[in-house]
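Engineer: One structure coming up, written as structure tokens, with questions to follow.
Numbering (the working numbering), first residue to last: 482 to 841.
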């Protein structure tokens, strides 16, 4: 094989490791020298550019002076002066009426800086009377347990007095209100052996809808007071009654003479019903109750966002149901009036004010 003389030096260098190290070292030194020269040129260019910028930009010399602990010619502070942020920013942060728009801006856009023009106003009596409300649904939950078979102080049977009071109220109620009737305690008896049957025997005897007095009287005549008191499960079952009406004005009026006897927790059940996606208010009427029952019914009304009413006889129960029903309508009209005022007045006012502010 003929050896090419042109590759001899390279071959010789590869055969000598010491010479390889020297070559690599020389290459590295050359790279460092080139990088240093390039860096010096870059620094000189930057400094010359900065000098030219300083001639046309008065802010940069000020920043340089501040960096060198020299006071700015724009905002001088004497050694004894305490810096006050409001000197600079007070005009932009002062908001006397707390409407999130600086007073200085309100003056410019024609608003009163000392008065919030957009506030939620109360519904006056005339607006409440004329308010158009959403659909109102009232579900009566009636206790028909064994204790309701007793008589009140006026000698009238409790369950019969309750039936008459509910029927009388619905017969005179507004036609645009839906009513329903749920009953518990009318199955089995109040003996321990019948407890499972009675506690499970919760029925919607009159589905939620427009009241029909004749139909209601037929339904009411079908049951009597015999069994136990499953209040908690009645609240749970009421979710099916309001199915399809979740966003309407839903109300429950519970009429009971005793506390829960089926092992449930009616206060927790009432709270759970309120926590679901159902707009509902729960009122409770205690009919000739003892202190323990009264306390439980009061707690139910409290967590249910409603009121507690008490009656000791048939006349008192008539008045309690009538008052509860009237308050349902007042609440519906007030809510409608409040929403109307909020949407038409408050939001429109805030929208107009925001538009002026953004234009400014």
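The C-beta atom is built at its ideal place from N, Cα and C for all residues, glycine as well. This structure is a prediction, so every number in the text was calculated from the model and none was measured.
Quick one: what's residue 762 bridged to in DSSP?
Structural biologist: Mapped onto the chain shown, residue 762 falls at position 281. Note: residue 762 sits in a beta bridge opposite 732.
Engineer: Going along the chain, which residues of its own chain have a beta-carbon closer than 6 Å to the beta-carbon of residue 799, five neighbours each way excluded?
Structural biologist: The residue you call residue 799 lines up with position 318 of the chain shown. Here the set comprises 646.
Engineer: For residue 682, which residues of its own chain have a beta-carbon under 6 Å away from its beta-carbon, when the five flanking residues on both sides are left out?
Structural biologist: Stepping through the chain shown from its first residue, residue 682 is reached at position 201. Here the set comprises 668.
Engineer: Mind reading off the beta-carbon distance from residue 460 to residue 633? Whole number of angstroms is fine, and I expect it under 8 Å.
Structural biologist: For the chain, the structure presents residues 482 to 841; residue 460 sits outside this window and is missing.
Engineer: To the nearest angstrom, how far is it from the Cα of residue 808 to the Cα of residue 779?
Structural biologist: Position 327 of the chain shown holds residue 808. Position 298 of the chain shown holds residue 779. Looking at the two C-alpha atoms, the distance is approximately 17 Å.
Engineer: Considering Cα atoms alone, identify which of 755, 672, 642, 698 is closest to residue 736.
Structural biologist: Residue mapping note: residue 736 aligns to position 255 of the chain shown, counting from 1. The option with the nearest alpha carbon to residue 736 is 642.
Engineer: Taking only the alpha-carbon atoms, compute the straight-line gap between residue 789 and residue 733 and give it to the nearest angstrom.
Structural biologist: Walking along the chain shown from the start, residue 789 turns up at place 308. Walking along the chain shown from the start, residue 733 turns up at place 252. Spanning the two alpha carbons is a distance of roughly 12 Å.
Engineer: Residues in the same chain with beta-carbon distance under 7 Å from residue 750, minus the five sequence neighbours each way, listed in chain order, please.
Structural biologist: To locate residue 750, count along the chain shown from 1; it is residue 269. Excluding residues within five positions, the ones whose Cβ falls inside 7 Å are 713, 716, 717.
Engineer: State the DSSP-derived secondary structure class of residue 702, mapped to helix, strand or coil.
Structural biologist: The residue labelled residue 702 in the question sits at position 221 within the chain shown. Residue 702 falls in the coil class under three-state DSSP.
Engineer: Comparing alpha-carbon positions, which option in 810, 830, 831 lies nearest residue 655?
Structural biologist: The residue labelled residue 655 in the question sits at position 174 within the chain shown. Nearest of 810, 830, 831 to residue 655, Cα basis: 810.
Engineer: If you reduce the DSSP assignment to three classes, tell me which class residue 737 lands in.
Structural biologist: Taking the chain shown and counting its residues from 1, the one referred to as residue 737 is at position 256. Correct three-state label for residue 737: strand.
Engineer: Keeping to the same chain, check which residues put their C-beta closer than 7 Å to that of residue 692; ignore five residues upstream and five downstream.
Structural biologist: Indexing the chain shown from 1 puts residue 692 at position 211. Cβ neighbours of residue 692 beyond the five flanking positions: 651, 654, 660.
Engineer: Tell me which residues share the same chain as residue 805 and place their Cβ nearer than 8 Å to its Cβ, disregarding the 5 neighbours each side in the sequence.
Structural biologist: For the purposes of this step, residue 805 is taken as the residue at position 324 of the chain shown. Excluding positions up to five away in sequence, the list reads 734, 764, 766, 788, 790.
Engineer: So, residue 657 versus residue 617, is the Cβ gap smaller than 9 Å?
Structural biologist: In the chain shown, the residue the question calls residue 657 occupies position 176. In the chain shown, the residue the question calls residue 617 occupies position 136. Yes; because the gap between Cβ atoms is below 9 Å, this pair is in contact.
Engineer: Assuming residue 776 contacts residue 754 under a Cβ cut-off of 8 Å, what Cβ separation, rounded to an integer in Å, is found between them?
Structural biologist: Counting from 1 along the chain shown, the entry for residue 776 is found at position 295. Counting from 1 along the chain shown, the entry for residue 754 is found at position 273. That pair is no contact at about 20 Å.
Engineer: Determine the direct distance from the alpha carbon of residue 829 to that of residue 835, and round the result to whole angstroms.
Structural biologist: The count along the chain shown starts at 1 and reaches residue 835 at position 354. The count along the chain shown starts at 1 and reaches residue 829 at position 348. One C-alpha to the other measures close to 10 Å.
Engineer: Kindly indicate the opening and closing residues of the alpha helix (DSSP H) around residue 713.
Structural biologist: In the chain shown, residue 713 corresponds to position 232, counting from 1. Per DSSP, residue 713 belongs to the alpha helix (DSSP H) from 712-722.
Engineer: Using the DSSP secondary-structure output, state which residues sit across from residue 798 in a beta bridge.
Structural biologist: Counting from 1 along the chain shown, the entry for residue 798 is found at position 317. For residue 798, which the question treats as bridged, DSSP gives no partner whatsoever.
Engineer: Give me the residue from 626, 615, 576 with the minimum Cα distance to residue 597.
Structural biologist: The sequence position of residue 597 within the chain shown is 116, counting from 1. Ranking the options by Cα distance to residue 597, first place goes to 576.
Engineer: Three-state secondary structure (DSSP) at residue 592?
Structural biologist: Within the chain shown, numbered from 1, the residue matching residue 592 stands at position 111. Looking at residue 592 - three-state DSSP - the assignment turns out to be coil, as it is neither helix nor strand.
Engineer: Skipping 5 residues on each side, what residues in its chain have a beta carbon closer than 6 Å to that of residue 629?
Structural biologist: The sequence position of residue 629 within the chain shown is 148, counting from 1. So the list reads 639, 640, 706, 738, once near-sequence residues are dropped.
Engineer: Let me confirm a value: residue 743 is counted as buried when at least 16 other C-beta atoms fall within 10 Å, else exposed. Which label applies?
Structural biologist: What you label residue 743 is simply residue 262 of the chain shown in a count that begins at 1. Buried, by the Cβ-count rule.
Engineer: Are residue 699 and residue 795 close, meaning C-beta to C-beta below 9 Å?
Structural biologist: Here residue 699 is taken as the residue at index 218 of the chain shown, counted from 1. Here residue 795 is taken as the residue at index 314 of the chain shown, counted from 1. No, they are not a contact pair.
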